[in-house]
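Quick note, the sequences are listed as chains A and B, same order. When the letters of the first sequence are read in order and numbered with my numbering, they come out as residues 1 to 242. When the letters of the second sequence are read in order and numbered with my numbering, they come out as residues 243 to 759. Each residue gets a CB set at the ideal place from its N, CA and C atoms; glycine is no exception.
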Amino acid sequence: MATSSLSVTGLRKAFARPAVDGLDLHVAQGELYALLGPNGAGKTTTLRMVAGLLAPDAGRIEVNGIDLARDPAGAKRSMAYLPDDPMLYGKLKPTEYLEFVAGLWGVEAALAEPRARELLDWLDLTKHAHELTEGFSRGMKQKLALAGALIHEPQLLILDEPLTGLDAGASRQVKDLLLSHVAKGGTVILTTHILEVAERLAQRIGIIQHGRLIAQGTLDQLRHQTEADTLEDMFLQLTGQA
Amino acid sequence: MARPGSALWLLCHEVRMFWYTTLSSKNVKDPRGFHWRLIAVWLVLWALLHAGAWFVVRAVSGGEGDAPQQLVLAASVLLVATFLFMLSSALKSSVEVLFDRGDMDLLLSSPLPSRNIFSVRLAGVVLGVASIYLLFLTPLAHVGALQGHPGWLALYPVLLGVAAIASAIAMLLTLALVRWLGARRTRVVAQVLGALAGALLFILSQLPNFAVQSGEGGQGMLMRAAQNASTIDARSPLWLPGRALLGDPLAAAIVGLAALAAFVLTVTLTHRSFTRGLQLAASATTTRKAAAGALRFRFGQGLAASIISKEWRLILRDPQLISHVLLQLLYLIPIVFMVFKKDGTAPLAVGPGLTLLCGSLSSSLAWIVLLAEDAPDLLGSSPSDARTIRLAKLAAAIGPVLALVCLPVLWLTWRTPVSGLLAAFTICGITFGSALIVMWTGKPGDRGSLMRRAQGNGARSLFEIAYLLGWAGLAFLLPYAASEQETGIGTVAGIGAASAVVFGVLFLAWFFRHRSG
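Here it is in structure tokens:
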């Protein structure tokens, strides 16, 4: 059995009502896992708990074998989280932003500098490297935030709606970067409302509703389970929206 | 009802939005209702101002008939000072109208004529600028009218007229700056000009301090200037502002006509520039070209250094913060004069002045650095120790404050070592403590709400004020005690009381700190 990069057991979180309700989730190393669900299903809450930004009411989260509750710094060292609307510092330049993020993760200069150059180049941001980020488009901001998330070469990459608002070119660049991360043995867990992205990129798909995982598997396994042809039909059928 | 799309209709919309966003109730059940508590506070304040005005007017009005010469002079000075403060506020409002209003895209994409949009925005600036002065000065007019000076009610149109002139000048200046310097630089320059205009009167009041070498002294010079001014005939055009304020029909009519002309001409001549300025402002963040040159990084600085350099970059690139700090620095001017003055009063006055300045600056910077974090998720998801991050941020906030006062303190220490060292002690105490109080009790917000950070956080404001006063007391009493041959019981008691306030407030702030942080 493949080593688990992320292991979530019995996760619970309630605000006014339960947002995540006894969720179990296991994502193997080198896997790209897509977490789908209707609005308010608990996807973002789950990811924020995994990223250590929200304390769960109950349950256990392990990142690369490290218990997040016991050793948060150790767990966070090997992962990166990208929220759906990443906040950058408008008055910083991309180079300065990457320096700051590298400082937060304690990345050595010898490793960070070539990595930063490579990422800026790959994401087509080098020519904007001396501009303040306040003037960036949504796509450019998203790409820079992704570069920041990858600067310390995390094993686990957690992305909340990473492709929303990106144009076709930027979307392709981000998808290529994610596939390359997985090809190198990294793990990606992402949420998306663009089902075609999950269909084409993800090795496994999980569908969450009312804070519970209601279905999980490869596309073929889900097809078999629902007898629907497309992921859209499967999703609508499983969530009762058909 | 005004016709939809007309200037009046748009003005009604502006007033309604001002009400919803500023004055209406914060009650979630009735979010647009009257904010009764706020209104009651203002009404009580207004009534008290009327009571105070009653005594002031009785003392200065000098019976019925023509206003005495000195009253005309005082009214002129008052109106000129009001104009300068209004100009300062109007510059800030013009920048806000151009850069910070989120509804301009909607308005400009509508078929409304740009002239209507501009005239309503300018009228909004005029009303906003005039309102606070109307609140504080109209009690004098009301009481004056009751005591036999009905002409004093001219204060209403005269103040509105002066506000219109100040707003027209501010808007023209802002639009000219956009044209000459571009939208990005205009924002910084206009904020700085606004701060300077507001402090101009204060700076002018310090000019006599240059005359210390003449042996006459600053106060003597001011007295002589006032005596000379009082010999100028009250009918001189120089006193036209004062006569207008006191109800002289011709003078008031001149001010009114000048205001109307300024408003109409500004709208007629520059409404297209306004639209162009808005477009430039909207695109200012996207048109900046990348500077040529190879990629240069400074990785490997370590966590604390990364955080400090990030915070300092953000501080240096924040125009609002720069103008705010600059305004506070202007108040260093008299302190600087005292430091270099060769008499015995310097050590006693400089310490408290510098101490208060550092406390206020430290509090502002600490709030920006510690609580106006743009990317809390990034920090939260990093493996960095939250305590180290907080300490680095604290260092980033107090570093610039201590660097700024380093030179005057060193100069003071060189001249009077004991006073200098005591000032260094109180400055360090207030700078660290003010930042700690903000860190423990402050409420997070966005950088733009720096000036409104005290809203809804009364306890913290109280802590800050008490802490500032406590240290200011110590900064005055400690050098005073050091200079005395025999320290009196009153001085000792004062030092004890001030110390108790300082440490008591710090303890309370720590005790009531946000436990979650």
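| Given 8 Å, three or more beta-carbon pairs between the stretch 77-84 of chain A and the stretch 124-135 of chain A | They do not touch, by the three-pair rule.
| Helix, strand or coil for His292 (chain B) per DSSP? | His292 (chain B) carries a helical assignment under DSSP once its states are collapsed to helix, strand and coil.
| query | Is Val27 (chain A) near Ser4 (chain A), with beta carbons less than 8 Å apart? | reply | Their beta carbons are under 8 Å apart, which means Val27 (chain A) touches Ser4 (chain A) by this criterion.
| field | Neighbourhood of Leu402 (chain B) by C-beta, 6 Å cutoff - its chain only, sequence neighbours within 5 removed | value | By the criterion of a C-beta distance shorter than 6 Å, Leu402 (chain B) is surrounded in its chain by Ala372, once the five residues flanking it on both sides are discounted.
| Since Lys13 (chain A) sits in a beta bridge, which residues does DSSP pair it with? | DSSP lists A:Val20 as partners of Lys13 (chain A).
| request: On a CA-only basis, which of A:Gly206, A:Ile151, A:Leu166 and A:Ile194 is nearest His181 (chain A)? Give me that one, please. | output: Ranking the options by Cα distance to His181 (chain A), first place goes to A:Ile151.
| message | Is Phe360 (chain B) close to chain A? Criterion is C-beta to C-beta, closer than 8 Å. | response | Taking 8 Å as the threshold, the shortest C-beta distance from Phe360 (chain B) to chain A does not fall below it.
| request: Output the distance between the C-alpha atoms of Phe260 (chain B) and Phe327 (chain B), rounded to the nearest integer angstrom. | output: Distance from the CA atom of Phe260 (chain B) to the CA atom of Phe327 (chain B), rounded to whole angstroms, is 22 Å.
| Sorry if obvious, but does the Cβ on Gln221 (chain A) come closer than 7 Å to a heavy atom of the ligand GTP? | Ligands in the displayed structure: none, and consequently the ligand GTP is not present.
| query | What number of angstroms, rounded off, separates the C-alpha of Gly390 (chain B) from the C-alpha of Ala412 (chain B)? | reply | Between Gly390 (chain B) and Ala412 (chain B), the C-alpha separation is close to 37 Å.
| field | Three-state secondary structure assigned by DSSP to Tyr97 (chain A) | value | In the structure shown, Tyr97 (chain A) sits in a helix (DSSP, three-state: H, G or I).
| task | Report yes if the C-beta distance between Leu111 (chain A) and Leu146 (chain A) is below 8 Å; otherwise report no. | result | Their beta carbons are not under 8 Å apart, which means Leu111 (chain A) does not touch Leu146 (chain A) by this criterion.
| task | Kindly indicate if chain B contains any beta-carbon less than 8 Å away from that of Asp60 (chain A). | result | With the sequence shown as reference, residue 60 (chain A) is identified as Arg, and Asp is not the correct amino acid for it. It does not; no Cβ of chain B falls within 8 Å.
| request: At 8 Å on the CB atoms, spell out the chain B contacts of Gly52 (chain A), in chain order. | output: Under the 8 Å cutoff, chain B gives Gly622 and Ser623.
| Using a Cβ-Cβ distance under 8 Å, would Gly424 (chain B) count as near chain A? | For Gly424 (chain B), the answer is no, since every Cβ of chain A falls outside 8 Å of its Cβ.
| query | Under the three-state reduction of DSSP, which class applies to Asp176 (chain A): helix, strand or coil? | reply | Note: Asp176 (chain A) maps to helix in three-state DSSP.
| said: Short of 8 Å in beta carbon distance, which residues of its chain neighbour Ala500 (chain B), apart from the five on each side in sequence? Order them along the chain. | reply: Within the same chain, Ala500 (chain B) has close Cβ partners Gly403 and Ile407.
| request: Would you please verify whether the beta carbon of Ala112 (chain A) is less than 8 Å from any beta carbon of chain B? | output: At a cut-off of 8 Å between beta-carbon atoms, Ala112 (chain A) makes contact with chain B.
| request: Flag Glu99 (chain A) as yes if its beta-carbon sits less than 8 Å from any beta-carbon of chain B, otherwise no. | output: Taking Cβ atoms only, chain B reaches closer than 8 Å to Glu99 (chain A), which makes this a yes.
| request: Using a Cβ cut-off of 7 Å, pull out every chain B residue sitting near Lys91 (chain A), in sequence order please. | output: In chain order: Arg555, Leu556, Arg559 and Asp560.
| Ala80 (chain A) lies in the beta strand (DSSP E); which residues open and close that run? | Met79 to Leu82 is the span of the beta strand (DSSP E), which, as asked, contains Ala80 (chain A).
| Where the stretch 177-202 of chain A meets chain B: residues whose CB sits under 7 Å from a CB there | From the stretch 177-202 of chain A, no residue has a Cβ closer than 7 Å to chain B.
| Does the distance from the CB of Arg70 (chain A) to the CB of Thr9 (chain A) come in under 8 Å? | Arg70 (chain A) places its beta carbon 8 Å or farther from that of Thr9 (chain A).
| request: Indicate whether at least one CB of chain B lies closer than 8 Å to the CB of Glu232 (chain A). | output: Under the Cβ criterion of 8 Å, Glu232 (chain A) is not counted among the residues facing chain B.
| task | Taking 8 Å as the cut-off, decide whether the C-beta atoms of Gly103 (chain A) and Leu545 (chain B) are in contact. | result | Taking 8 Å as the cut-off, the beta carbon of Gly103 (chain A) is found closer than this to the beta carbon of Leu545 (chain B).
| Best match in A:Leu68, A:Asp121, A:Arg12 and A:Pro38 for proximity to Ile207 (chain A) [C-alpha to C-alpha] | Relative to Ile207 (chain A), the option among A:Leu68, A:Asp121, A:Arg12 and A:Pro38 whose CA is nearest is A:Pro38.
| query | Excluding five sequence neighbours on each side, which residues of the same chain lie with their C-beta closer than 7 Å to the C-beta of Ala202 (chain A)? | reply | Cβ contact annotation for Ala202 (chain A) (same chain, cutoff 7 Å, sequence separation greater than five): Leu32, Tyr33 and Ala34, in chain order.
| query | Counting Cβ pairs closer than 8 Å, one from the stretch 602-615 of chain B and one from the stretch 507-514 of chain B, do we hit at least three? | reply | No, because fewer than three Cβ pairs between the stretch 602-615 of chain B and the stretch 507-514 of chain B fall closer than 8 Å, the two stretches do not touch.
| query | So what's His26 (chain A) in DSSP terms, helix, strand or just coil? | reply | Strand, per DSSP.
| said: Counting only C-beta atoms, is Arg530 (chain B) closer than 8 Å to chain A at any point? | reply: In this predicted model, Arg530 (chain B) has a pLDDT of only 49, less than 50, meaning its place in the structure is not dependable enough to derive any value.
| query | Beta-carbon of Gly103 (chain A) versus every beta-carbon of chain B: anything under 8 Å? | reply | When Cβ-Cβ separations below 8 Å define contact, Gly103 (chain A) makes contact with chain B.
| query | Secondary structure at Leu54 (chain A), three-state DSSP: helix, strand or coil? | reply | Under the three-state reduction of DSSP output, Leu54 (chain A) falls in the coil class, being neither helix nor strand.
| message | Quick check for students: name the residue ranges of the alpha helix (DSSP H) that lie wholly in the stretch 672-748 of chain B, counting only runs of 4 or more. | response | Qualifying alpha helix (DSSP H) stretches, in chain order: 700-725.
| query | Residues of chain A with a CB under 9 Å from the CB of Lys552 (chain B): which are they? | reply | Under a criterion of Cβ atoms nearer than 9 Å, the residues of chain A adjacent to Lys552 (chain B) are, in order, Tyr89, Leu92, Glu96, Tyr97, Glu99, Phe100 and Gly103.
| Using 8 Å as the limit for Cβ to Cβ distance, is Val107 (chain A) near chain B? | The beta carbon of Val107 (chain A) sits closer than 8 Å to some beta carbon of chain B.
| field | Leu35 (chain A), enclosing beta strand (DSSP E) - first and last residue | value | Note, Leu35 (chain A): beta strand (DSSP E), Leu32 to Leu36.
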